[in-house]
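>
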Amino acid sequence: MTNEIATLLDQTVTKLFGDLVTDSTLSAAEDGVWPEQLWNALEENGLTQPLVSAENGGAGATWRDSYVIVRAAGYFSAPVPLAETIAAGYLLSQSGIQVPESPLSLVSPPENGFSLTKDAQGFWRLDGELPRVPWGRNVGYVIFSYEDMIVSVPVEGCTINQGSNVAGEPRDNLTFSNQAVEAAPGAYSSARIGALIRAAQMAGAAERALEEAVSYAKERVQFGRAIGKFQAIQQNLAV
7 MTNEIATLLD QTVTKLFGDL VTDSTLSAAE DGVWPEQLWN ALEENGLTQP
57 LVSAENGGAG ATWRDSYVIV RAAGYFSAPV PLAETIAAGY LLSQSGIQVP
107 ESPLSLVSPP ENGFSLTKDA QGFWRLDGEL PRVPWGRNVG YVIFSYEDMI
157 VSVPVEGCTI NQGSNVAGEP RDNLTFSNQA VEAAPGAYSS ARIGALIRAA
207 QMAGAAERAL EEAVSYAKER VQFGRAIGKF QAIQQNLAV
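As numbered in our numbering, residues 7 to 245 make up the sequence shown, in order.
1) Can you confirm whether the region 62–79 touches the region 166–183 when touching is taken to mean that 3 or more C-beta pairs between the two stretches lie within less than 8 Å?
2) Specify the secondary structure class of N118 as computed by DSSP and reduced to three states.
3) Would you call the CB atoms of G142 and S111 closer than 8 Å?
4) Please go through the same chain and pick out, in chain order, the residues whose beta-carbon is closer than 8 Å to the beta-carbon of D16, but skip the five residues on each side of it.
5) Look up T91 in the DSSP assignment and say whether it is helix, strand or coil.
6) Helix or strand or just coil, what does DSSP make of V159?
7) Between L57 and S99, which are expected to be in contact by the criterion C-beta below 8 Å, what is the C-beta distance as a whole number of angstroms?
8) By DSSP, does Q104 sit in helix, in strand, or in coil?
9) Residues in the same chain with beta-carbon distance under 8 Å from R214, minus the five sequence neighbours each way, listed in chain order, please.
10) Mind checking T31: buried by the 16 CB within 10 Å criterion, or exposed?
11) Hey, could you find the ends of the alpha helix (DSSP H) V113 is sitting in?
12) For the ligand MG, any of its heavy atoms closer than 7 Å to the Cβ of P140?
13) Under three-state DSSP, which class holds T28?
14) So W69 is in the alpha helix (DSSP H); what residue range does that whole segment cover?
15) Indicate the three-state DSSP secondary structure (helix, strand or coil) for P49 in the structure shown.
16) Does the distance from the C-beta atom of P176 to that of P140 stay below 8 Å?
17) Bridge partners of I199, per DSSP?
18) Should V105 go down as buried or exposed, given a rule of 16 or more other Cβ atoms within 10 Å for buried?
19) Exposed or buried, V227, counting other C-beta atoms within 10 Å across all chains shown (16 or more means buried)?
20) Restricting to Cα atoms, I'd like to know which of I11, T20, Q237, I149 is closest to A67.
21) On the criterion of 16 or more Cβ atoms from any shown chain inside 10 Å, does A212 qualify as buried, or is it exposed?
22) Return the CA-CA distance between N51 and E162, expressed in angstroms with no decimal places.
23) Among K124, D154, E218, D178, which one has its Cα closest to the Cα of G38?
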């Protein structure tokens, strides 16, 4: 990706999130309302599957492109599982499993509490619980790596016990009973790919937090001057 294309992509996602991630959108999301307009716009602009080849329905872009997209999502606190969908789509495409046209979630499988076995016909079946699934109530599939496989689990029909993280985002416990799943050999770990994509999201969030802190330090007056003039404040903002 050239610098010009990177700049254009950054401008595109910045405008999209700036227009659609409003205070009302964030407030509604905290109340459990799915931001359909935002998600539809992301899909229409080809931003939900940048790492999937064009032949398989994606954008055929690079990890650098994906960083630009996910960093912007973190910067604007976009209340959608964009990072998870991008990472999950990558794992599915690398394993040869068809990438669904729906929001996706990505998890690390628990060490216990679930089982993945083959039935008499040779199909994979999942029993047990996947805890704290990001956006579990909103996604169509949950993706994870298990041993040497990538597993795609449809959410429809499972029992959902809703929860949230400290940011108010959905973190739901999903319970499955004899659920048919798709599995294929895969060389990548969902934990490592998830950590990589989350780091990009955190970079955007950290950038926004710093900007907000600097802005506040310039506006907040104490002892007759802006607190940003105090050396202790300047040092903390610098590090």
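Quick reminder that beta carbons are idealized off the backbone N, C-alpha and C, glycines included.
So, from the listed chains and residues:
1) no
2) Numbered from its first residue, the sequence shown carries residue 118 at position 112. DSSP places N118 in coil when its eight states are reduced to three.
3) Reading the sequence shown from its first residue, position 136 is the one you call residue 142. Reading the sequence shown from its first residue, position 105 is the one you call residue 111. Yes; because the gap between Cβ atoms is below 8 Å, this pair is in contact.
4) Taking the sequence shown and counting its residues from 1, one reaches residue 16 at position 10. The beta carbon of D16 is closer than 8 Å to those of V74, A78 in its chain, skipping five residues each way along the sequence.
5) As a first step, residue 91 must be located in the sequence shown, where it is residue number 85. If DSSP states are grouped into helix, strand and coil, T91 belongs with the helices.
6) Taking the first residue of the sequence shown as 1, we reach residue 159 at position 153. Strand, per DSSP.
7) Along the sequence shown, one-based indexing puts residue 57 at 51. Along the sequence shown, one-based indexing puts residue 99 at 93. About 7 Å separates the two Cβ atoms, so the contact holds.
8) In the sequence shown, the residue the question calls residue 104 occupies position 98. Correct three-state label for Q104: coil.
9) The count along the sequence shown starts at 1 and reaches residue 214 at position 208. Excluding sequence neighbours, R214 sits near G80, Y81, F82, S83.
10) Residue 31 sits at position 25 when you count from the first residue of the sequence shown. So T31 counts as buried.
11) The residue you call residue 113 lines up with position 107 of the sequence shown. Careful: V113 lies outside any alpha helix (DSSP H) and carries neither H nor E.
12) Of ligands this structure carries none, so the ligand MG is not represented either.
13) As a first step, residue 28 is located in the sequence shown; it is residue number 22 there, counting from the start. DSSP places T28 in coil when its eight states are reduced to three.
14) What you label residue 69 is simply residue 63 of the sequence shown in a count that begins at 1. Taken as a continuous stretch (DSSP letters only), the alpha helix (DSSP H) holding W69 covers 69–81.
15) Translated into positions along the sequence shown, residue 49 becomes position 43. The amino acid occupying residue 49 in the given sequence is Glu; Pro does not appear at that position. Three-state result, E49: helix.
16) As a position in the sequence shown, residue 176 is number 170, starting the count at 1. As a position in the sequence shown, residue 140 is number 134, starting the count at 1. For P176 and P140, yes; Cβs fall inside 8 Å.
17) Counting from 1 along the sequence shown, the entry for residue 199 is found at position 193. Answer by DSSP bridge pairing: none, since I199 is not bridged.
18) Position 99 of the sequence shown, counted from the start, is the residue given in the question as residue 105. V105 should be labelled buried.
19) In the sequence shown, residue 227 corresponds to position 221, counting from 1. Answer is exposed; the Cβ neighbour count stays below 16.
20) In the sequence shown, the residue the question calls residue 67 occupies position 61. Residue I11 is the option with its Cα nearest to A67.
21) Position 206 of the sequence shown, counted from the start, is the residue given in the question as residue 212. So A212 ends up on the exposed side.
22) In the sequence shown, counting from the first residue as 1, residue 51 sits at position 45. In the sequence shown, counting from the first residue as 1, residue 162 sits at position 156. Distance between the alpha carbons of N51 and E162: 27 Å.
23) If you number the sequence shown from 1, residue 38 lands on position 32. For the residues K124, D154, E218, D178, the minimum Cα distance to G38 belongs to D178.
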